[in-house]
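Written below as structure tokens is the structure these notes are about.
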Amino acid sequence: MLSNLPTDLQSNFFYKTWTFKEAYSKARGRGLHKELNQISQKNLSKDPSWKIFSFKLDGVYGNLVAHSNEEIFSSNIQSYTWDLDSNSFIAQPMKFEIFEDCKDEG
């Protein structure tokens, strides 16, 4: 699949596919222990309880988040906040766009 793409698109496709599989695997609580080649966007798109969200940071795809309507964990999710130095890279203003992206890429 990757080798069928033009060379200039291969890197972007690789990272988008990797982050998709990583987000889904971690959301299932499996980490990266399962073979990533067994996770398919095509199979996941058939399951309406799962959604994958892509985050665009400054016009570049940066992250993906997997979300399911099914209950996977019995414990509550905890979040943490902290103050950042105003000069920190992460504290700098960024364009932030969310869109659903769960289409099979080939």
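My numbering puts the sequence shown at residues 7 to 112.
Note that CB positions come from ideal geometry on N, CA and C, so glycine has one too.
On a predicted model such as this, the values are computed, not experimentally measured, just so you know.
Buried/exposed call for residue i, threshold 16 Cβ in 10 Å
{"i": "Ala55", "result": "The sequence shown places Ser at residue 55, not Ala. The residue in question, Ser55, is exposed, as its Cβ has fewer than 16 Cβ neighbours within 10 Å."}
{"i": "Ser9", "result": "exposed"}
{"i": "Phe20", "result": "exposed"}
{"i": "Ser17", "result": "exposed"}
{"i": "Ser46", "result": "exposed"}
Those residues which DSSP pairs with residue i across a bridge
{"i": "Lys32", "result": "Answer is none; Lys32 lacks a bridge partner."}
{"i": "Ser74", "result": "Trp56"}
CB-CB length for residue i against residue j, believed under 8 Å
{"i": "Leu15", "j": "Glu28", "result": "The Cβ separation is near 20 Å, so there is no contact."}
Residue i CB to nearest heavy atom of the ligand MG below 7 Å
{"i": "Asp14", "result": "This structure lacks the ligand MG, and indeed carries no ligand of any kind."}
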